Structures are given as C-alpha cells and as structure tokens.
Amino acid sequence: MAKKVVILGGGVAGMSAAHELIERGFEVEVHERQLIAGGKARSIPVMKSEDDRGSKAKHIKALQQWVDMDGADFPPGVKRPWLPGEHGFRFFPNFYRHITDTMARTPYYDKGTCYDNLMPTTQVLVSQFDKPGIIVPERFPRSLKEFADALKTFAYTISPRDQIGFEDVEHFLSCMWRIATSCKERRDDEYERTGWWDFIGAEERSEAYQKFLAIGLTRSLVAAKANTASTKTVGDIAIQLQMGIATPEPHCNRLLNGPTNLVWIQPWLNYLESKGVVYKFDSKVTGIECQDGRIVSATVERDGRQETVTGDWFISALPIERIAPLVTPAMTAIDPALAKLKLLAENVQWMNGIQYYLTKEVELTHGHVIFIDSPWALTAVSQKQFWPDINFENWAEGKTKGLLSIDISEWDKPGLNGKTARNCTRQEIADEVWAQLKRSLNVDGETVLRDEDMHYWFLDPDIVADPEHPSRMTNVEPLLVNRINTWRLRPNAATLIQNFFLASDYVRTYTDLATMEGANEAARRAVNGILRRSGSDAERCKIWDLHEPDILRPLRAYDYARYQAGLPWDERFSEAVQASLRSAQDTTGTTGGGEGPLAAVGPAANEYSKPGGVVEEPAVADALRMVCPPEALYDLMASYVPGVDVPIPGAEQAETAALDVVGNSAEPSSLPGINRVMGTSLNSKSNPGGGAAGGTSGRKVIITQKG
C-alpha cells in the first residue's frame, strides 16, 4: 500500500513535490489556502463587472463568482467574462533547469507540453526619466535584427550619451571576473558575508555606475537591493545571465505565451489530479502537531471549521512567513535549525504586480523593461506580443488591446507624488506608477502612453490595509530576499524530524534565489529525502547545479588552493589588464564615450543607438528578423563553445596541480565540494539525501604564509 504524503501549500513548491511523488507511487494530498492554484505564480481572474481592482472585499467576491462559474475549466479560446490579472509576471531565465524539466513532463491538453508554451525574449529596455532608453540584447544574436540590437548597445557605450566612464566599466568587469574565477568555497564563505554594493565598490564610484550596474542588475533579480544583497547570490546569478547572452546555447530567457494559469498552472493541476493527487482549496494550515520525534498531524481550517489531517510523511511547502509561526517547541527540540525560521522570516521584501489594460497595443521592447530611474523600482513586460494565440476580444467586453504588467519592488521610497507606495491608497498607487511609466517612456518627442488609452487597472490583492495602521498598506505575501549572511539561517530540505520535510524557496538550494526554480529544486530535495528515509528504490529526482564556465576551471582550481591556504583571491591579472587599458586610454585621451578618437563616430552612434531609430522601423525590423541562419547551426555552435559541454584541454592537469599545492594528491572527488569548484556538471547525478547545496562551516588552513 502506498504511503500517504501530506503537502502543506499548493504553490509551485507544493505542486512540484506532488508531481514527483505521484509519479513514484505515493498517495498525495495537498492543502492550499487560496481558491485558485499556483501560489505566488498564479494568474488571477479580474471581474471588471464587479469593479474588481484587487481590493479585498471586491476581489473575494469576484473570485468566488469565478469559482461558481467553474472558471478554471474554461478551455483556451472560449470567451471569458473576466480580464487576466497577475500576482506578478512570470519570467524564466536561461539558467532555469528544474522547473522547465517539470513543465516538459506536464501535458498541455492535446498540444504537447507546458514547456512548449515558453516564448523566448531577445532584449531588455533600460528606460530612463526624460531620456531615451538603452536596448540591451538578452541572448546571443540569432538574426540580423538581434545583431543590430547588440551593435546598438555597443554604439551607446561609445556615443556622447554614455554616462559611465570606461574606468568604471572596467572595474565592474573585473569584479565579475573575480566572481567567475573564485572557487565555490570562497563564494559560500567570504562572498556570502559581503554586500554586493561593497563588493563592486559602488560607494566610491559615479552615480551612473551605482544606478546602472549596482542597482540595475539587482533590480532584475527579484526584489534584491544592492546595499543589502549577498554578493554570493547576486554574483552567481549574474554569471548565469551573462553566460546566456555570450554563448549560443539553446536555452534563453523566456516568458509564457498566455496567462499563467491558463497555459501552465491549470493544465498542471489537471495532470496531477488525473494521476491521483488530492488537491484541496480554501484549506488554511493553522497548526502542526509533533509527538515522539514525528509529525503526527496538521490542523487546517476549511469552511470555518478545524480539521485534522494525518499522513505518513509531511512536506511544508508554505512560504517562510507562514511556516515560521507554526514551528513549535516540540519541533525545535528535535531540530534546532527550525528555530532560525523566525529570524529568516524577517528577511522579506515586497514585489507585487499591477496591470494596465490598454485600448491599443504598446510594444515597449521584445522582453523586459527596467525603469532605472523609477523611485518605486518598476520592471515591466508588454504582454500582448508574447501571447500570439490569445484573442483579447474573448476577455471581458473585448475592449482591451494591450496589457502592461508591472512589478513594484520598492515600497518605502517617495514617488513623484512625495509618498511611499505603502502609504498610498490603491488608486494613488495606480496613478503614481502610471506617472512614473509615462516619464520613462514618453521621451524624445514620442508619446508612448496616453491617459485615454488606459481603460482599467488591477493591483495585486495581496496588498491590503494594515489592520494596525489603517492609513498604510501591508503585504500578505512578501518575498524572501538574500540578504548578507543569511544562508546560515536557511534550513535543509530534510529536517531532523524523521517524517518532516521543507519545500519552499527559502530552503538551501543550488539556485539560491527566491524563485519558481528555487521552489522546484527544494521540492525535489524534499522528495529525495522521503525516498531515502522510506527505503524506496524509486529513481531519485534529478537536481542540477548552476553551470560554471568550464574554460575557467583551472582558475577556479587555483583559487581553491589559495582559499584552502588562507590566501585572498589573486587580483594581479585583473589589475594588470586594467592598468594596460588605463594607459591606452590616457594616451588617446579617451576616458568615456565620445572622447578622443571616438568623438568622430559619436554623433552617428548617438543617432543609431536611439530606441525608435532606423533599425526599429517596422519594415526594416521585420526584414532583419527574416535574415537568420538555421536553428540547428546555433545548437552546433553551442556544442563547440569552450565552457559549455566540451572538455577543456589541460583542465585536469591544472586541477591536479592545484590539489598538489594544498598537499593532497587524491582524486578531486575526495575533497568536499571539489566537484562544484571545478565546475563538474551534476546533470546526471541525483541527490539521494535531499540535502542542500554545501555551505562552509569553516576551513582547514594548510599553508600559513600571508599574501
């Protein structure tokens, strides 16, 4: 008889765990407090007829109306009396492996899998107040249009519009080089305890450097803030994103081709239920009972009544702010690490969505927009261009022609109206975000957004009036952020309670970021823990490490030797390169874009690099998009790019030499963490213990010299 697993929480983590368990013969029961599946990833029906703009009373009424009409069962293409809303738009970066693997194993009606509903993005628009923005390529160029976009980015850096001195750019690149050539142990130890702002020396550099490189990069990484984010997290993810642009790998940054629940979450739930998963809505977890070293039951509230739920195994897939208050002294007596969850729960920020429904389509860029000057840290996607099969005439009264989905990541700084977002009413938030968008996009004589084109808006219903301060807002679903030195607070998926596991984005994972990817990886780790402790011979869930550039393996091995010896990262090569560049720049009188010999090309580059320039003309852009090599050529190129899959000549010898330095001639695999240091792929390895990515609790100093 199959053992029963009770999963507390039905978001991405809970559904991911249910997926892996049900396919391995377990009985699975999921409890979700919402009336709709998906957790933070969910899309939301917006009943315009109820004047549903996300406020609590209106939205609950609208959502119940949606449930009563069996809204989840409406197939694609059928007319819906609601608009598509979101907690926030879904973004799948190029380094995601876990969640996309699950999507590839999830049927999408009779049209393939949910993975097929991912659409590649090609560029990012970095938008500024009162100035033309910068278009940055988001993947290796695959057509003349994408090559032209990459050329525009280069033209911007050498034109008079450039705002960052070359010395600052070179310093930033040296910081990225340092991360890429540092061993994993140094990152887990030193860089975890170092803030990103300090690591890249932002305080001593220009305002443009701070804005574009220090703040701009972290703004694209969920709700992380440059002055509090861990260098380990920001640096690791930045390397992954840059690799996706620099190499012609088949993976790229992607968005969904329709509302999240329509093209992913609901088909996923349908599949799970068809396999036997019991998924219960409106089931709020209120307590966990621990006796004799085991979890014996959980208490849930359904329809105003308390129910007791029992099972053989329990997985908490609840977010950090909901599981922390449920941890009892009986639980921490067995696993003291669980006591740290209350401290970890303090490390959250707000990142919530607002949608604007437009009477005309507005294509801002073929990807994301980062509003670099916006006080409220806005990022956006113009959705319609990525939803080719979605006929907006079938939504509500058919008035919508375009949809802007915005994420607000800064709620504590004054906006153009002088008020912080959390101190605004819902209407004031909508008005202020719209004002910041217009100031960023209506530039250089072009009017992109007009008031008369916006016929409706919807703000995430998680933003509610604070019961203790009615004039302020609070957030019932904040997001974990990777603040400095908080890895020590994060638990493993397999707790010391024999039948209790954790599957959520705060668990220690290779992904190390509060994302769908991190949640899915954590769920796999929890399931592997159950498989191990239950003695199951079922295949373990596959777990991927972040891929490191293989061509840099010898340098990471060298740094591992220095780290083991108590020596700092070797900066001599980086300093020599920067010195050579400074010498050349001083000789030519070039310290920034448009100076020295570059001044001659400045005016042309300035004109060429403007958004809306000649390569953005529809006819020209379409023609350039048509000129592209076969897709198979890029797959072939990717397989021969150093650092992707081909072994690097001399890497093994360099590893051996590095190990000899630390006085150990054993195989690399005999040293803790060395496989990760050398960049060895874990694609073919499972993690039977369900444990977390290794952090360092200290290191043995073998060589005592200073340097």
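Residue numbers (this note's numbering): 2 to 708. We treat Cβ as the ideally placed atom computed from N, Cα and C, and that holds for glycine. Bear in mind that the values here come from a model prediction, so they are computed numbers and not experimental data.
N-terminal and C-terminal residue of the alpha helix (DSSP H) that residue i is part of
| i | result |
| --- | --- |
| Leu344 | Leu342 to Leu345 |
| His60 | Lys57 to Asp69 |
| Gln565 | Arg554 to Gln565 |
| Glu572 | Note, Glu572: premise wrong, no alpha helix (DSSP H); not H, not E. |
| Val528 | Met517 to Ser535 |
| Ser175 | Phe167 to Ala181 |
| Ala381 | Premise fails: Ala381 lies in the beta strand (DSSP E), Leu379 to Ser383, not in any alpha helix (DSSP H). |
C-alpha distance - residue i paired with residue j, whole-angstrom precision
| i | j | result |
| --- | --- | --- |
| Trp412 | Lys420 | 10 Å |
| Gly11 | Ala38 | 6 Å |
| Ser284 | Trp458 | 29 Å |
| Ala378 | Ala346 | 22 Å |
| Phe130 | Pro462 | 29 Å |
| Ala299 | Val328 | 12 Å |
| Asp150 | Pro121 | 16 Å |
| Ser410 | Thr219 | 11 Å |
| Val286 | Ile485 | 31 Å |
| Arg573 | Arg179 | 11 Å |
| Ile324 | Ile289 | 10 Å |
| Phe75 | Arg554 | 51 Å |
| His20 | Ser505 | 15 Å |
| Pro260 | Gly603 | 43 Å |
| Thr309 | Ile45 | 30 Å |
| Lys112 | Trp265 | 12 Å |
| Glu522 | Val615 | 44 Å |
| Leu556 | Thr182 | 6 Å |
| His60 | Pro133 | 38 Å |
| Gly15 | Glu171 | 44 Å |
| Lys341 | Ile8 | 22 Å |
Integer Cβ distance of residue i from residue j, believed to fall under 8 Å
| i | j | result |
| --- | --- | --- |
| Asp560 | Cys184 | 5 Å |
| Ile296 | Asn500 | 6 Å |
| Gln356 | Leu404 | 6 Å |
| Leu359 | Asp454 | 5 Å |
| His99 | Glu518 | 6 Å |
| Gln241 | Ala73 | No, Gln241 and Ala73 are not in contact; Cβ-Cβ is about 34 Å, not under 8 Å. |
| Ala63 | Met48 | 4 Å |
| Val6 | Trp314 | 4 Å |
Simplified DSSP assignment, three categories, for residue i
| i | result |
| --- | --- |
| Cys629 | coil |
| Thr103 | helix |
| Thr311 | coil |
| Gln267 | helix |
| Thr287 | strand |
| His88 | coil |
| Asn396 | The residue asked about is misnamed: residue 396 is Trp in this sequence, not Asn. Strand. |
| Phe200 | helix |
| Ile321 | helix |
| Leu273 | helix |
| Ser128 | strand |
| Val297 | strand |
| Thr232 | helix |
| Leu22 | helix |
| Val615 | helix |
| Thr592 | coil |
| Arg583 | helix |
| Asn684 | Low local confidence applies: a pLDDT of 33 at Asn684 is under 50, so the model's placement there is unreliable, with the coordinate-based value given in what follows. In this structure, Asn684 counts as coil in the three-state DSSP scheme. |
| Ser17 | helix |
| Glu51 | helix |
| Ala495 | strand |
| Glu302 | strand |
N- and C-terminal bounds of the beta strand (DSSP E) containing residue i
| i | result |
| --- | --- |
| Asp408 | Gly403 to Ile409 |
| Gly134 | Lys132 to Pro138 |
| Phe501 | Phe501 to Leu503 |
| Ser441 | Careful: Ser441 lies outside any beta strand (DSSP E), inside the alpha helix (DSSP H) at Arg427 to Leu442. |
Per DSSP, cross-strand counterpart(s) of residue i
| i | result |
| --- | --- |
| Asn476 | Ile464 |
| Tyr280 | Val31 |
| Tyr357 | Leu405 and Trp458 |
| Glu364 | According to DSSP, which records beta bridges pairwise, Glu364 is partnered with nothing at all. |
| Met120 | Leu256 |
| Lys5 | Glu28 |
| Gly39 | Gly12 |
| Thr114 | Pro108 |
| Leu481 | Val349 |
| Pro46 | Pro85 |
| Gln243 | BP columns for Gln243 are empty, so no partner. |
| Ile371 | Val127 and Thr380 |
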